[in-house]
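Chains as they are written, first to last, in this note's numbering: chain C, 1 to 429; chain F, 1001 to 1429.
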């Protein structure tokens, strides 16, 4: 991709109304544009990050024998009446009527749609367990949307639903899915995400885990007890004591929820009349689990966890482009020619190539905002000696190498970065 | 994928209310399930077909230097008021209010959102032309939804928007996009799709082409004049004469619209205040083109064009699985063992493996409904001689080969099929 063609504008100025660094940097870098409160359009750099995140999630869900399905965004109110949530959920559920006057809702989660899809299928114990998931747009009419992609009204989400004939089988799968989630967060560059047991709120069921990125920028308060080692959510009413051992000196952080998994029991299947015949011929309601990750929120969280004041430092696994090639003084023929050749060698598909005849300061600032993990800088002074600079976005690596060795140096740096993220501890059972 | 794990049910019976073969076969094959009028959920076989179609479309759009973006499903009414369409479009535009009482719509096309996204960017002639596209869910509140995925209310669509500083530049890009569309339809297995000049209706602008799959099952009437060779849309009022040469003996078909591209002129940019500064310093409104393809409708159209009474005959480029492996009498240990080994050799990711202990009739009927282009049948009688059957879904190819040669026979058949589709005439300029 050539920078002169990249649609979107980049600015130095901190945009008004941005509290989170990730929000400000993604606005400054031309990743997204607000359409109205809590609703954004995305430019190419962000759709590329999101797509890589989605691919990683798909791989991990498929490894759990997940089957990708697709539920509607607009759902009949009748389906939500079956579960009782049409009445029980507040104004964050957007209700409307279609042209014929029928009650409709915009899906904020899809438990009802999942049960609807499989209740004809799951009629015999032999067909269990099974696990379906989708990646789809959702809408939650938040009263106070804020924080860029962290708390929005419209968002893309991976939501999965598993069905089981016993609580024990659900628990076994739930544990496998928890490990898959840990792999997902590690692979997108967030190994510090912490699974914390939590209330499941309006979703029903009893056991749930919230995956929390520990960051001062988050809006959830979590505690860590130095006495018993337990992580917990901090409710205002509880005070600051550890709920497990009662110690009164837990370490408090404000976190961002990046995923949530629930054991739902038979709340939805029972209410919606999903039944199967067990080994003895008896009719029973299956138990369910559900498993969510917000795609855009995860992208913003990666940025929140990995940036400096100049822009995002994208982990190699989710970066919109792997390499950023700057041709300094690109107006000079010799620089331009060498850069064009290098662009091909580096791989056009994964390289963002700045061939604009603008100042080096503008080029380097834009490279910081776009956050490719490796940068190649080619300028007239180095070129005179046949050299170029290869450096990492996080400033940890920097080498001056002959231009002929640029591609292999880039390859080595990218491979090292990949190993740092995916090298150890991510094995599947 | 093992058939015993595939979520979804398959039936012999023609489902009630299905007029189109594609609708009936996709219901019978466990591809989709109706949620309410014109709104469906999709099972794995259909999400796999749609994903392959999307990948082909992405390749062709990226080859036009298209940049993938993402617009919201729910849009502020204010944006549609800017273009005038909030008032001018009928009830197929679903209007609602959010919790704060603000006017909203569900996007049925995204011209307004496209102009909103790029109007800060496209301020100087040097930034033109540019082309953005998205693949996203849309909603059109059809009064009479019918025909399975052919005429639905909620659908996924690729919609692209190009921006130019002159009508001539738009026309040049439009012609390139028209050829890209022809490649897309050929690559998904529909080379017979015909580009027909048409009215652009509520989209505005003057020139548009509709891409029509010629099939008796379609709902559009198109004519072909044997006298002057011209294709045209047949309006009821026109009678059956060719609008170009007046000949009164055109050949009439009912067709399915699978894509539509429009030259929009400055209708949206002017109304929404998008301006750029030209070479002379004057302020002007850019001209736009827009380019749509419905993903689900295209999947259904492929099925409509390529099926027999037993099920879809998926072209190799979009088939949910490339190979269907039937282990007849899978309850017998020797068959099961040989089949398990073959499953690995054929490639688990691209093979649907029927290891169920059900009758051969059920297995073969299900294989027909799932429509993989190549089938390998392993049964006790052939196995005793070390043989298996390798055959194509369209019944054109059938070979009895030693089991050790099954994988290479499959590979050869798939390669032949791929060459037949992608072999000639699809070169890009």
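The beta-carbon is built from N, C-alpha and C at its ideal position, and this holds for glycine as well. Bear in mind that the values here come from a model prediction, so they are computed numbers and not experimental data.
*In chain F, which residues lie with their C-beta within 8 Å of the C-beta of residue 118 of chain C?*
1007
*In angstroms with no decimal places, state the Cα-to-Cα distance between residue 1189 of chain F and residue 1100 of chain F.*
48 Å
*Contact set for residue 1382 of chain F: own chain, Cβ-Cβ below 6 Å, skip 5 residues either direction*: 1388
*Cβ atoms of residue 1315 of chain F and residue 1421 of chain F: under 7 Å apart, would you say?*
yes
*Is there a Cβ from chain F that is less than 7 Å from the Cβ of residue 392 of chain C?*
no
*Do you know offhand how far residue 102 of chain C's Cα is from residue 78 of chain C's?*
9 Å
*Which of helix, strand or coil does DSSP assign to residue 1269 of chain F?*
helix
_residue 349 of chain C classed as buried or exposed, judged by whether at least 16 other C-beta atoms fall within 10 angstroms_ = exposed
_I want to verify the contact list: residues of chain F whose CB lies under 8 Å from the CB of residue 76 of chain C, in sequence order._
1035, 1036, 1039
*Do we get a CB-CB distance below 7 Å when we pair residue 87 of chain C with the residues of chain F?*
no
*CB-CB under 7 Å to residue 274 of chain C, same chain, minus the five flanking residues each way: which ones, in chain order?*
115, 119, 122, 285, 286
_Counting only Cβ-Cβ distances shorter than 8 Å, please list the residues of the region 135 to 148 of chain C near chain F, keeping chain order._
136, 137, 139, 141, 143
*Interface partners of residue 1099 of chain F on chain C, CB under 8 Å*: 91, 92, 94, 141, 143
_Minimum length 3: unbroken beta strand (DSSP E) runs contained in the region 1110 to 1158 of chain F_ = 1130 to 1139
*Ignore the nearest five residues each way along the sequence and tell me which others in residue 82 of chain C's own chain have a CB closer than 7 Å to its CB.*
112, 271, 272
*Which chain C residues sit within Cβ distance under 9 Å of residue 1047 of chain F?*
67, 68, 69, 70, 134
*Just curious, the beta strand (DSSP E) that residue 377 of chain C is in, first and last residue?*
374 to 378
*Neighbouring residues, chain C, relative to residue 1268 of chain F (Cβ below 7 Å)*: The premise fails here: residue 1268 of chain F is roughly 15 Å from chain C at the closest Cβ pair, so nothing lies under 7 Å.
*With distances taken between CB atoms, is the gap from residue 363 of chain C to residue 357 of chain C smaller than 7 Å?*
no
*Bridge-paired residues (DSSP) for residue 1002 of chain F*: F/1353
*asked:* I'd like the span of the beta strand (DSSP E) that includes residue 96 of chain C, first residue to last.
replied: 95 to 97
*So which of F/1340, F/1331, F/1341, F/1336 has the shortest CA-CA distance to residue 1359 of chain F?*
F/1331
*Specify the secondary structure class of residue 1071 of chain F as computed by DSSP and reduced to three states.*
coil
_Quick check on this structure: which residue in C/423, C/227, C/255, C/84 has the alpha carbon closest to the alpha carbon of residue 242 of chain C?_
C/227
_Where the alpha helix (DSSP H) containing residue 291 of chain C begins and where it ends_ = Where residue 291 of chain C is concerned, there is no enclosing alpha helix (DSSP H), although the beta strand (DSSP E) it sits in stretches over 287 to 294.
*Taking the CB atoms as reference points, tell me whether residue 1069 of chain F and residue 1134 of chain F lie closer together than 7 Å.*
yes
*Going along chain F in order, which residues have a C-beta closer than 8 Å to the C-beta of residue 154 of chain C?*
1072, 1073, 1074
*Short CB-CB distance (under 7 Å) between residue 1161 of chain F and chain C*: no
*Starting from residue 1324 of chain F and walking both ways along the beta strand (DSSP E), at which residues does that stretch end?*
1323 to 1327
_Coarse secondary structure for residue 1220 of chain F, derived from DSSP in three states_ = strand
*What residue range is occupied by the uninterrupted alpha helix (DSSP H) comprising residue 80 of chain C?*
77 to 83
*Euclidean distance between Cα positions of residue 401 of chain C and residue 391 of chain C*: 10 Å
*chain C partners of residue 1264 of chain F, CB-CB under 9 Å?*
Under the 9 Å cutoff, chain C gives no residues; its nearest Cβ is about 18 Å from residue 1264 of chain F.
*asked:* Between which residues of its own chain and residue 1137 of chain F is the CB-CB distance below 6 Å, once the five residues before and five after are set aside?
replied: 1073, 1156
*Would you give the residue range spanned by the beta strand (DSSP E) that residue 209 of chain C belongs to?*
208 to 214
*Just grab the DSSP bridge partners of residue 33 of chain C for me.*
C/41
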